[in-house]
Amino acid sequence: MDLGALPFLLSSLRLLLGEAELIRGIHEQIRNLTLELEEIQAVLMKAYKEQESNGSENPRIKQFGEIAYDIEVVIDKYKLYAIQESHNNYPQLPWNWRPWNWGPFHSLGREIENIRKRINDLKEHRERCRDIISISSQKAPSGSTTTIITQEFNNLASLFLDESQIIGFDKPVHQLISRIREPRSMTTVISIVGMGGLGKTTLVRKVYNMLKETFECHAWVAVEQSYSKTESLKSLSSQIVPSSGISSSLEAEPHSKTPSRTNLVHIMAKVKDYLQHKRYVVVFDNIWKPDIWENFSSLLPNNECGSRIIVTTRRNDVANSCTGYSGHVYNLQPLPLAEARELLCKRAFSSSFAECPAERKEWSEKIVTRCEGLPLAIVEIGKLILSNKSKAMVEWRKLHDTLGSELARTGSLSRITGILSLSFNNLMSYSFHHTYCLLYISIFPKGYAVSCRRLIRLWMAEGFIEEMGDRTLEDVAEDYLNHLIGSNLLHIVDTEIDGRPRTCRLHYLMNDIIVSRAENEDFFKILRESNQNLGNRIRRLLVHDGCRNLSYNNRGSYPYVRSFFRFPLDRSSSSTSFSDKVISNFRLLKVLDLENAPLDTFPNGIDYLLLLRYLSLRNTRVKNLPKSLGKLVNLETLDLKHTFITKLPSEIAHLHRLRHLLVYRYDFQNYAPFDCVRGVSVHEKIGGLTALQKLAFVKASKHTGIVQDLKILTQLRKLGIVELEGESGKDLCISIEKMQSLHSLSISSQRMEEHLDLQTMSYPPRHLQRLYLKGHLQSMPRWISELHDLVRIRLKWSKLKDNPIEALQDLPSLMELQLLDAYSGDKLEFMQKKFKKLKILEFEQLCQLRTVILYKGTLPNLQKLVIRCCPMLRAVPRGIDNLTQLKELELQDMDETFINGIRKNGGECRRMVNHIPKIRSCSHGCWTDLS
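So, in structure tokens, the structure goes:
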């Protein structure tokens, strides 16, 4: 059951109650319904957690879940009818008094009464529900503990993996020992962090056993999800001072389940006093929350005796809070492929085998790839293979193909599932909102690297993001994303230049587990075949390429469907059809994602989806938008990137809730074309879209008045302007000064030779991080040197006569600089202690450039240098050998003298680039490795 929908449902009801134009009778009914739901939510949440802990199904959860679905349908029908009625012919009357609107709303009133009757029928069994909760709380030390003990046994069992058969730990063991043995007298905390199953406990146990006798006192405290401060303190004290009898003072008081607070404080003081002058090592294994560490840290003195505290955790925030400024965080990495293969073969055959037999290499490689370097998973799968006496190749293939379903059920791989599921269960106890955001990622195909920006916009459209004061939903959603990444539930695939995640995905095995949970919760349904039965209460429908015809043969509407995704696994596929009938079956849809779908025209029927919040036609061949798009008044995201749309209808001005308007494409038919970004023409009324956060890219034609209208869009964070006429520059500066939340700004002139007049800005957006200027600049705008948060700047076709380096070299946050035909001089000098954070530097089409000098101490963090098409530059920059962090030198269409000078055999400048690991050159489209 989709239990997490309850908090979101209550939020929707409260919002609905606040609407001024609510029908009076229905207002009272919805108010009563809200009170009912608030009353049962607490009961259901407890029952659900009980169900999760003991593994048994509570039918009452499912029954209330079905009621919750029906309530959501009623709410959305009300909103739908309200929007429809607002377009009738009686604008002079309040719409709730218009004569023909009563029919649908009377029908809704009857539906609400039927729902309340069903709730009351279930509430007659409330005492039974209370009994269930009462019994579960009474059984906590015994009955429900069985499941907890089983989970904790699975977790603790990883301590006892045969260390002799764990491959790839030599380096981590050596590094951890080195950290522990550092000649530091102060007490030092070392945190080992990583996802479940990586072997954190096994690693630390091995090092602990090797070194514990070199300390005066030592203790190992296992901290599980069923954390008890008393039990942990008892464990610590009994190991630190085993003969003192301290731990006996922690026994429960008569007629009480816990020791008195006085006893706890007394024992804590005793332990701290005992350790005050001793060199100790203490391991806290598997800390889940920062506040748990706070409980322990006050016990352990910084006694300047060289003591060490070691923490294992799955959460980065816990690791950082434990170590503070003086400790160390060690991120344990998955096993490399070669070592993972070796480990699998040792477990699958015997310890004497270093590699798999040749005939099984293919499938062993595929299995290991699925495990993605998780030692626990590899060991358990190896044990399963060992237990199968056949060991035939067909069994290996079968195991690979059924690995996901094997993890989903209670079977031979349940230990992997148990360990990985602990992180999910911990997240659920932390926040249903975060849990739903994680479940949502399983919508995407396995291994798919999803854009973090796309994910955030989808979460918002689904209503998963809580409002927090005056913070934007985008900022709150980014916190959610960082929490999931920091908990090692999500893997970063690609990052921005400043380290922020660009794309992310689930670990393969975690994906299998979460998909299983999501399907069990009716979170989504995957449609792989045209004649597949959809069931009744689908909330999210995912269509894969196996379904070649979406003409939709199923009868009836699907009022529970809120999201529709189409995932083409084959980009060339063009047989899937989108008929009006498909769309009309989902009248209450909120998310429609057709990215990469084989579409040539805007699908009919979308304009009936009046509750739609998110619409993506990205990477389709759609060329035109209908005027009826203006009916979608709830739309928050309109993603038309990489389509062939050139003009937005004037009706777009009706979309007052629109936050993200992305409508442009890139055209790279020619080498570095000036007009490679193709924007769209917009109506002058776009200034009414005051909720806009992102607007890119729009044509700034003078006759539309768009430049002046922009000053109203004060919430913008990203703005992309193309075809700016010279005389409009001053007006644009005035508008940009109003956008103090702007993070990204891109401006392109109408023609390459046309000037960008951007000098008049007195108060630039103080948080601007990315700046792209394309067009002729008479001089560098003075305000650029004030942008202390600027991370990236790209100057193209600026044709500056004065050296731009002087205006940029002291920007404290700058990490990427590109100069494309931006400077007409013949010399660039980079002075000492400048560009302290720059990582990427690109020179392109600097046709007069002859000399580049890099003084010692400049560009201390430069990692990549790109030089393209600079014909007069005949040698590498002087001082390039001072760039000790440089990892890559990329050269394109450079003079042959330049290239010959750095060749391995006889190049005059070769010694200056020997320290660079990767050097490559491209000429006429052919790449050559010069490393």
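Positions -20 to -1, 1 to 911 (mature numbering (1 follows the signal peptide of the UniProt record, and there is no 0)) are the ones given, in order, by the sequence shown.
In this text, a Cβ means the ideal position worked out from N, Cα and C, and glycines have one as well.
For clarity, every value in this text was computed on a predicted model and none was experimentally measured.
Relative to the C-alpha of I399, which residue among N266, E46, R164, V541 is closest? Counting from one through the sequence shown, the residue named residue 399 turns up at place 419. The candidate whose alpha carbon is nearest that of I399 is N266.
Distance between R774 and A793 (C-alpha atoms, nearest Å): Here residue 793 corresponds to residue number 813 of the sequence shown, with the count starting at 1. Here residue 774 corresponds to residue number 794 of the sequence shown, with the count starting at 1. First, the amino acid is wrong: residue 793 is Ser here, not Ala. S793 and R774: Cα-Cα distance of roughly 15 Å.
How many Å lie between I396 and V571 at the Cα? Mapped onto the sequence shown, residue 396 falls at position 416. Mapped onto the sequence shown, residue 571 falls at position 591. Spanning the two alpha carbons is a distance of roughly 34 Å.
Three or more C-beta pairs under 8 Å: does that hold for the stretch 469 to 483 against the stretch 624 to 631? no
Assigned secondary structure, F444 (DSSP; H/G/I helix, E/B strand, else coil): As a working mapping, residue 444 is identified with position 464 in the sequence shown. Here F444 sits in coil by DSSP.
Could you tell me the distance, in whole angstroms, from the CA atom of S212 to the CA atom of I147? Position 232 of the sequence shown, counting from 1, holds the residue named residue 212. Position 167 of the sequence shown, counting from 1, holds the residue named residue 147. Distance between the alpha carbons of S212 and I147 is about 31 Å.
Please return the same chain residues whose Cβ sits closer than 7 Å to the Cβ of L609, not counting the five positions on each side in sequence. Residue 609 sits at position 629 when you count from the first residue of the sequence shown. Around L609: D587, P629, E631, I632.
Measuring only the C-alpha atoms, how far is P857 from G479? Counting from one through the sequence shown, the residue named residue 857 turns up at place 877. Counting from one through the sequence shown, the residue named residue 479 turns up at place 499. A straight line joining the alpha-carbon of P857 with that of G479 spans about 28 Å.
By DSSP, does T397 sit in helix, in strand, or in coil? Start at 1 with the first residue of the sequence shown, and residue 397 comes out as number 417. Looking at T397 - three-state DSSP - the assignment turns out to be helix.
Proximity to K42 [Cα-Cα], best of R433, S721, R517: Looking up residue 42 in the sequence shown gives position 62. Of the listed residues, the one whose Cα sits closest to K42 is R517.
Between which two residues does the alpha helix (DSSP H) carrying F276 extend? The residue you call residue 276 lines up with position 296 of the sequence shown. Start and end: 270 to 277.
Could you pull out every residue in the same chain whose Cβ sits closer than 6 Å to the Cβ of E868, ignoring the five residues on either side in sequence? Position 888 of the sequence shown, counted from the start, is the residue given in the question as residue 868. For E868, where only same-chain residues beyond five positions count, the Cβ hits under 6 Å are K844, K898.
What number of angstroms, rounded off, separates the C-alpha of E342 from the C-alpha of E322? Translated into positions along the sequence shown, residue 342 becomes position 362. Translated into positions along the sequence shown, residue 322 becomes position 342. Cα to Cα, E342 sits roughly 14 Å from E322.
Classify M519 as buried or exposed, calling it buried when 16 or more other Cβ atoms lie within 10 Å of its own Cβ. The residue labelled residue 519 in the question sits at position 539 within the sequence shown. A small fix is needed here, since residue 519 is Arg in this sequence, not Met. The residue is buried, with at least 16 neighbouring Cβ atoms inside 10 Å.
With 16 as the cutoff for other CB atoms within 10 Å, does S555 come out buried or exposed? Residue numbering aside, residue 555 sits at position 575 when the sequence shown is read from its first letter. With a pLDDT of only 44 at S555, under the threshold of 50, the placement of this residue in the model should not be trusted, and no figure is reported.
Coarse secondary structure for L690, derived from DSSP in three states: Residue numbering aside, residue 690 sits at position 710 when the sequence shown is read from its first letter. Under the three-state reduction of DSSP, L690 is assigned to helix.
Tell me whether the beta-carbon of I220 lies closer than 8 Å to the beta-carbon of Y188. Residue numbering aside, residue 220 sits at position 240 when the sequence shown is read from its first letter. Residue numbering aside, residue 188 sits at position 208 when the sequence shown is read from its first letter. No, Cβ-Cβ distance for I220 and Y188 is not below 8 Å.
For the putative contact between F582 and L605, defined by C-beta atoms under 8 Å, what is the C-beta separation to the nearest angstrom? For the purposes of this step, residue 582 is taken as residue 602 along the sequence shown, with counting starting at 1. For the purposes of this step, residue 605 is taken as residue 625 along the sequence shown, with counting starting at 1. Taking a contact as a CB-CB distance under 8 Å, the pair F582 and L605 counts as one, their CB atoms being some 6 Å apart.
Would the beta-carbon of Q825 fall within 8 Å of that of L800? Within the sequence shown, the letter at position 845 stands for residue 825. Within the sequence shown, the letter at position 820 stands for residue 800. Yes, these two residues count as a Cβ contact at 8 Å.
Applying the criterion that 16 or more other CB atoms from any shown protein chain within 10 Å of the CB defines a buried residue, is L821 buried or exposed? In the sequence shown, the residue the question calls residue 821 occupies position 841. L821 is buried by the Cβ-count criterion.
Do we get a CB-CB distance below 8 Å when we pair N311 with the residues of chain C? Going by chain labels, chain C is absent from the structure shown, which holds only one protein chain.
Please state the DSSP three-state secondary structure of K813. Within the sequence shown, numbered from 1, the residue matching residue 813 stands at position 833. Coil at K813, not helix or strand.
Neighbour-count burial assignment, residue 932, 16 or more Cβ in a 10 Å radius: Examination of residue 932 is not possible in this model, given that the chain is present from -20 through 911 alone.
Per the contact definition of three or more C-beta pairs closer than 8 Å, is the stretch 717 to 730 in contact with the stretch 689 to 701? yes
Hey, S596 and L615: beta-carbon distance below 8 Å or not? As a first step, residue 596 must be located in the sequence shown, where it is residue number 616. As a first step, residue 615 must be located in the sequence shown, where it is residue number 635. For S596 and L615, no; Cβs fall outside 8 Å.
Between which two residues does the alpha helix (DSSP H) containing D711 stretch? Reading the sequence shown from its first residue, position 731 is the one you call residue 711. 709 to 717 is the extent of the alpha helix (DSSP H) around D711.
Own chain partners of I129 with C-beta closer than 8 Å, once the 5 adjacent residues on each side are dropped: The residue you call residue 129 lines up with position 149 of the sequence shown. With a pLDDT of 41 at I129, under the threshold of 50, the predicted position of this residue should be treated as unreliable, and no value is reported.
Quick check: Q812 and T838, are their CB atoms within less than 8 Å of each other? Mapped onto the sequence shown, residue 812 falls at position 832. Mapped onto the sequence shown, residue 838 falls at position 858. With respect to the 8 Å criterion, Q812 and T838 are classified as neighbours on the basis of their beta carbons.
With H, G and I counted as helix, E and B as strand and the rest as coil, what does DSSP make of residue 916? Outside the displayed range of the chain (-20 to 911) lies residue 916, so it cannot be described from this structure.
What residue range does the beta strand (DSSP E) around G700 cover? Along the sequence shown, read from residue 1 onward, the residue named residue 700 stands at position 720. Following the DSSP letters along the chain, one finds G700 inside the beta strand (DSSP E) bounded by residues 698 to 704.
Alpha carbon of L791 to alpha carbon of R697, nearest angstrom: The count along the sequence shown starts at 1 and reaches residue 791 at position 811. The count along the sequence shown starts at 1 and reaches residue 697 at position 717. If you take the alpha carbons of L791 and R697, they lie about 21 Å apart.
Helix or strand or just coil, what does DSSP make of P481? Residue 481 sits at position 501 when you count from the first residue of the sequence shown. The answer is strand: DSSP assigns P481 an E or B state.
Since T670 contacts Q688 with CB under 8 Å, what's their CB separation in whole angstroms? Within the sequence shown, numbered from 1, the residue matching residue 670 stands at position 690. Within the sequence shown, numbered from 1, the residue matching residue 688 stands at position 708. Between T670 and Q688 the beta-carbon gap is near 15 Å, outside 8 Å, which marks them as no contact.
Give me the DSSP bridge partner(s) of I726. As a position in the sequence shown, residue 726 is number 746, starting the count at 1. Position check: residue 726 holds Ser in this sequence, whereas Ile was assumed. BP columns for S726 point to G700, Y752.
Can you confirm whether the stretch 732 to 743 touches the stretch 756 to 763 when touching is taken to mean that 3 or more C-beta pairs between the two stretches lie within less than 8 Å? yes
Contacts around D619, its chain only, beta-carbon distance under 6 Å, and the 5 residues preceding and following it disregarded: As a first step, residue 619 is located in the sequence shown; it is residue number 639 there, counting from the start. Result list for D619: S596, R598, L642, in chain order.
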